[in-house]
Structures are given as structure tokens and as C-alpha cells.
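Line order of the protein sequences matches chains V and Y. If you read the first sequence in my numbering, its first letter stands for residue 1, the second for the next number, and so on. If you read the second sequence in my numbering, its first letter stands for residue 1, the second for the next number, and so on. No residue lacks a Cβ here, since even glycine has one placed at the ideal position from N, Cα and C. Report on the following structure.
Number of protein chains: 2
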Amino acid sequence: MGTKERRAREKEQLRQQILVAARELFVNEGYENISMRKIANKIEYSPTTIYLYFRDKADLLDSVCQETLLNLLNTLEQLKRDESDPVEALRKSGRTYVEFGLKYPQDYKLTFVIRPQFQKGLGLEEGSVGEKVFNYLREMVSECVQQKRFRQMDVETTGQVLWSAVHGVTLLLIDFPDFPWTEKDELIDTVIHTTIEGLKA
Amino acid sequence: MGTKERRAREKEQLRQQILVAARELFVNEGYENISMRKIANKIEYSPTTIYLYFRDKADLLDSVCQETLLNLLNTLEQLKRDESDPVEALRKSGRTYVEFGLKYPQDYKLTFVIRPQFQKGLGLEEGSVGEKVFNYLREMVSECVQQKRFRQMDVETTGQVLWSAVHGVTLLLIDFPDFPWTEKDELIDTVIHTTIEGLKA
DNA sequence: GATATAATATTAACACTGTAAAGTTAGATA
DNA sequence: TATCTAACTTTACAGTGTTAATATTATATC
Numbered sequence: 001m002g003t004k005e006r007r008a009r010e011k012e013q014l015r016q017q018i019l020v021a022a023r024e025l026f027v028n029e030g031y032e033n034i035s036m037r038k039i040a041n042k043i044e045y046s047p048t049t050i051y052l053y054f055r056d057k058a059d060l061l062d063s064v065c066q067e068t069l070l071n072l073l074n075t076l077e078q079l080k081r082d083e084s085d086p087v088e089a090l091r092k093s094g095r096t097y098v099e100f101g102l103k104y105p106q107d108y109k110l111t112f113v114i115r116p117q118f119q120k121g122l123g124l125e126e127g128s129v130g131e132k133v134f135n136y137l138r139e140m141v142s143e144c145v146q147q148k149r150f151r152q153m154d155v156e157t158t159g160q161v162l163w164s165a166v167h168g169v170t171l172l173l174i175d176f177p178d179f180p181w182t183e184k185d186e187l188i189d190t191v192i193h194t195t196i197e198g199l200k201a
Numbered sequence: 001m002g003t004k005e006r007r008a009r010e011k012e013q014l015r016q017q018i019l020v021a022a023r024e025l026f027v028n029e030g031y032e033n034i035s036m037r038k039i040a041n042k043i044e045y046s047p048t049t050i051y052l053y054f055r056d057k058a059d060l061l062d063s064v065c066q067e068t069l070l071n072l073l074n075t076l077e078q079l080k081r082d083e084s085d086p087v088e089a090l091r092k093s094g095r096t097y098v099e100f101g102l103k104y105p106q107d108y109k110l111t112f113v114i115r116p117q118f119q120k121g122l123g124l125e126e127g128s129v130g131e132k133v134f135n136y137l138r139e140m141v142s143e144c145v146q147q148k149r150f151r152q153m154d155v156e157t158t159g160q161v162l163w164s165a166v167h168g169v170t171l172l173l174i175d176f177p178d179f180p181w182t183e184k185d186e187l188i189d190t191v192i193h194t195t196i197e198g199l200k201a
């Protein structure tokens with residue numbers, strides 16, 4: 001009598017299908033250019049079916065962003081263990097963060113800029129994936145502070161300074177692609193290097 | 001025969017009226033929550049009248065943002081002359097930039113995040129106000145570099161690093177108001193201080 | 001002052017949006 | 001076979017950006 005289980009599985013499958021379709025459309029054409037009808041079309045269901053799986057369009061966006069955060073977290077955690085120098089590990093994490101943002105620019109903007117607009121004060125609350133990402137950063141930083149590699153400063157602030165730098169350069173590179181930036185990789189490295197040096201000083 | 005001039009003046013007045021109404025609504029309720037009809041209502045004209053003054057909604061947004069940039073430029077230029085130490089001047093400019101962003105958070109997001117989404121590769125092209133803002137930064141930085149206050153690095157990159165930092169912290173503070181940030185002023189100062197120290201190192 | 005002309009504003013309409021409510025259908029249980 | 005229930009669709013509503021056609025007004029010319 002596994003019918004119930006099968007049904008639950010099928011339901012979850014459709015949920016995933018919706019998510020996949022939504023992400024693809026959001027990412028390629030922008031959140032505000034995608035209608036529920038377009039998503040529905042893509043998966044060949046009626047538009048209102050989506051509402052059986054997601055409260056509204058913002059909730060759907062929210063779920064897409066959760067996945068992005070999870071994806072980012074996984075990407076970061078793959079680095080974690082194979083580095084003895086904590087400062088070097090932090091540097092690498094910074095690079096990975098920015099690279100992630102540039103590899104999936106629309107996902108990044110959806111998650112860190114657009115979603116906050118639609119659901120205020122979200123994404124970093126206790127137990128959330130967002131918080132886990134920040135915890136990752138906290139750990140990295142904490143290691144550097146403990147080993148006295150940085151000037152005396154509390155871990156929170158230090159982390160926030162670093163986040164500001166990588167968030168800033170990521171968004172600028174995404175949003176102003178035509179600006180005469182310094183060669184991209186060099187700029188990213190310089191931003192991270194400068195910030196880390198500043199934390200030592 | 002000043003009728004022509006008067007007419008032109010009246011036309012410009014209505015244009016301004018539209019801009020003022022649009023800004024107020026965009027800023028208070030968000031670009032995507034404001035319809036052309038709502039703007040029209042506010043100024044007591046029919047919705048389509050707006051189209052005699054602006055190509056479309058994105059063009060209207062564009063004009064609002066131009067004003068914001070001008071406003072930012074003026075705010076920055078008021079600082080310019082009364083500072084002998086270029087590094088200190090740069091520090092103050094950074095603070096002013098972030099404060100501007102936090103004082104008009106919706107304007108800031110409209111200008112530096114949302115507008116780029118609607119008209120790609122904009123706002124910093126030659127002769128634009130956006131370019132003038134960046135030129136201001138360039139001058140500040142250039143002074144520091146010339147006086148050998150910073151480590152040897154080209155002016156462009158240095159400016160971009162600084163911009164990344166202030167842009168990043170501004171947006172994080174705007175977008176995640178509920179995150180347990182270090183006390184706001186302290187965070188801003190630390191971001192700027194750290195970046196500048198990093199540029200010296 | 002009457003009339004033609006140009007500028008300005010409005011009305012009506014189109015195709016599309018998010019989403020609530022009601023209706024339908026297919027499969028499981030009895 | 002009859003009933004129940006979960007899944008899905010149809011219909012509908014109020015609102016959207018925007019265009020084309022129309023109406024109104026103010027000016028210039030006679």
C-alpha cells in the first residue's frame with residue numbers, strides 16, 4: 001500500500017518541476033518579466049496549479065533563492081578542509097564567493113537584492129540557509145582572529161567588512177558590465193587582498 | 001511674443017511635477033508597486049499624459065535616477081574643498097556616500113541596482129552624471145596616489161576597490177535591516193578605514 | 001472677432017498580470 | 001458500485017503598461 005508514498009513522491013516531483021522551470025525563466029528573463037502563466041506553460045499545467053505548491057509568486061522566488069543559497073554553501077564548503085593557512089583559506093573563500101556570483105549573476109541578484117525587496121528582513125534568520133552561509137564566513141574569520149593574524153577586532157565586524165567588499169564588487173561587476181573595469185580577475189583579487197591587508201594593519 | 005517661452009516653461013513644469021510625483025511614489029512604495037495610473041492620479045492628469053513627457057515607465061525611472069545622481073554629486077562636491085589631507089578627504093567622501101545611500105535607500109537602490117536591470121549598460125557612459133560621480137572619486141584617489149599615501153597602484157583600480165567597499169556595505173545595510181549588524185556607524189567607519197589601510201599597506 | 005492650426009490632454013481599447021473561487025476529474029476507499 | 005478526496009482546471013476580477021484615435025484647448029492668422 002505504497003500509494004500514499006508514491007503520491008507524495010509525485011507531488012514533490014511536480015514541486016521540483018515548478019522550481020526548475022521558475023529558476024530557468026527567472027534567471028534568463030528576470031523575475032519581473034516572468035508571469036505565473038509563463039511558468040505554467042513551460043511545465044504544461046494551468047497557472048493556478050502553481051498556487052497549490054507555492055503561496056504566491058514571491059514564495060516561489062523565495063524557494064528558488066533557498067536553493068541558490070544551498071548551492072553557494074556547498075560550493076564554499078568544498079574548499080574548507082584543504083588549507084592550513086587560515087588567511088589563505090579566507091582569501092580563497094572570498095574569491096569563490098565572487099566567482100559564484102558572477103557565474104550565476106541572476107541567481108545572485110535574485111537572492112541578495114531582489115528577494116529582500118519582496119520579503120523584508122528575510123533570509124538570514126536563525127536556522128536559515130542564509131545564516132549557515134554567514135556562519136561559514138564567521139568560522140573562517142574566527143580562525144584568523146584566534147591565530148592573531150588580524151588586528152584586534154571582533155569576529156562579527158571583521159566578517160561584515162569582508163562581506164561588504166565581496167558583495168560590493170560582485171554587484172558592481174554584474175550591474176555595470178560596460179564600465180571600464182580593471183581586468184576582472186585582477187579587480188576581484190585586489191578587492192580581497194586590500195581588505196585582508198586592511199584587517200591586518 | 002514670449003508665449004512660446006511660457007509654454008515651454010509650463011511644459012517643463014508639468015514634467016517636473018511628474019518627476020516629483022514619480023520619485024515620491026517609487027521611493028515610498030517601490031518601483032514595481034507603482035503604476036502609471038497611480039502617478040497620474042497623484043498629479044491629477046490622465047495616465048497617458050505621462051507618455052507625452054516620458055517614453056515609458058523605465059524612461060521615467062531613468063530620469064528620477066539622473067536626479068538622484070545629481071543630488072549625490074552635489075552632496076559630495078560640498079565636501080571637496082575644505083580638507084588638506086587627501087586621505088582624510090577620501091575617508092569623508094566614503095562616509096558621505098554611504099550616508100547618502102542610507103538616507104535615501106530606495107533612491108539608491110533604484111539608481112544603482114534596479115535601473116541597471118531595466119536599461120543595461122547605463123548611467124556611467126561618457127558625459128553622464130554617473131560618470132561625473134565616478135570622476136569625483138577618481139580625483140580624490142588620484143590626490144592620494146600622487147602624494148604617495150597609497151601603495152603603488154593605478155588610480156582606476158584603487159577607485160574601484162573603494163567603490164566596491166562602500167557600495168557593498170550600503171546595500172547590505174539597506175537590504176538586510178534585521179541582520180545583527182555591528183552598530184551601523186561603527187561598521188561603516190570600519191569598512192572605510194579597513195579599505196584605506198589596505199590601500200596603504 | 002472668426003477661423004484655421006498646432007499643442008496638449010483624454011477616452012477607449014488591447015493584451016497581459018497575480019490570484020481567489022468555483023467547478024471538474026480521476027483514483028482510493030468503503 | 002457509490003462515495004470521498006486530492007489534484008487540477010476554468011472562470012473571473014481588478015489591475016497593469018501602452019497605443020491609437022479622439023477630443024479639447026490655446027494660439028496664430030485673417
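Item, Value
"Below 7 Å, is the gap between the Cβ of TYR45/Y and the nearest heavy atom of the ligand ADP?", "No copy of the ligand ADP occurs in the structure displayed, which carries no ligand at all."
"Mind the definition here: the segment 186 to 193 of chain V touches the segment 173 to 191 of chain Y only if three or more C-beta pairs lie below 8 Å; say whether that holds.", "no"
"Does ASN44/Y come out as helix, strand or coil in the three-state DSSP assignment?", "Checking the displayed sequence, the identity of residue 44/Y turns out to be Glu instead of Asn. Note: GLU44/Y maps to coil in three-state DSSP."
"May I ask you to verify whether the segment 60 to 70 of chain V touches the segment 123 to 142 of chain V, counting CB pairs closer than 8 Å and requiring at least 3?", "yes"
"Closest by CA to ASP85/Y, which one among GLU143/Y, LEU173/Y, THR157/Y, GLU77/Y?", "GLU143/Y"
"Out of GLN160/V, HIS167/V, PRO177/V, PHE176/V, point me to the one whose CA is closest to THR194/Y's CA.", "GLN160/V"
"To be precise: take each residue of the segment 155 to 167 of chain V, compare its Cβ to all Cβ atoms of chain Y, and keep it if any distance is under 8 Å. Which residues remain?", "GLU156, THR157, GLN160, VAL161, TRP163, SER164, ALA165, VAL166, HIS167"
"With 16 as the cutoff for other CB atoms within 10 Å, does LYS80/V come out buried or exposed?", "exposed"
"Taking ILE34/V as the reference, which of LEU173/V, LEU172/V, LEU110/V has the closest Cα?", "LEU110/V"
"Measure the beta-carbon distance from LEU69/Y to VAL133/Y and round it to whole angstroms, keeping in mind my assumption that it falls under 8 Å.", "6 Å"
"Name, going along the chain, the residues of the segment 85 to 118 of chain V whose beta-carbon falls closer than 8 Å to a beta-carbon of chain Y.", "LYS109, PHE112, VAL113, PRO116, GLN117"
"My guess is that PHE112/V and ASP175/Y are in contact by the Cβ rule of under 8 Å, so how many angstroms apart are they, rounded?", "7 Å"
"Pairs of beta-carbons, one from the segment 86 to 100 of chain V and one from the segment 41 to 48 of chain V, closer than 8 Å: are there three or more?", "no"
"If the criterion is Cβ atoms closer than 8 Å, does the pair LEU90/Y and ILE196/Y meet it?", "yes"
"For ILE50/Y, I'd like the list of residues in its chain whose CB is within less than 8 Å of its CB, leaving aside the five on either flank, ordered along the chain.", "ILE18, MET36, ILE39, ALA40, LEU60"
"Under the rule that 16 or more other beta-carbon atoms within 10 Å means buried, what is ARG9/V, buried or exposed?", "exposed"
"Hey, how far is the Cα of ALA21/V from the Cα of GLU83/V?", "38 Å"
"Nearest-angstrom Cα distance between THR182/V and ASP154/Y?", "9 Å"
"Rounded to whole angstroms, what's the CA-CA distance from LYS200/Y to LEU162/Y? Just pull it up for me.", "12 Å"
"If we ignore side chains and look at the alpha-carbon of each, how far apart do GLN117/V and GLU12/V end up?", "28 Å"
"Check each candidate in VAL141/V, THR158/V, VAL27/V and name the one with the smallest Cα separation from GLU88/V.", "VAL141/V"
"Assign GLU183/V to one of three DSSP states: helix, strand, or coil.", "coil"
"Checking 8 Å against the spacing of the C-beta atoms, do PHE179/Y and LEU137/V come in under that value?", "no"
"Would you decide whether THR48/V is buried or exposed? Buried here means 16 or more other CB atoms lie within 10 Å of its CB.", "exposed"
"Can you say whether ARG115/Y is buried or exposed, counting buried as having 16 or more other CB atoms within 10 angstroms of its CB?", "buried"
"Cβ atoms of ALA58/V and GLN106/V: under 8 Å apart, would you say?", "no"
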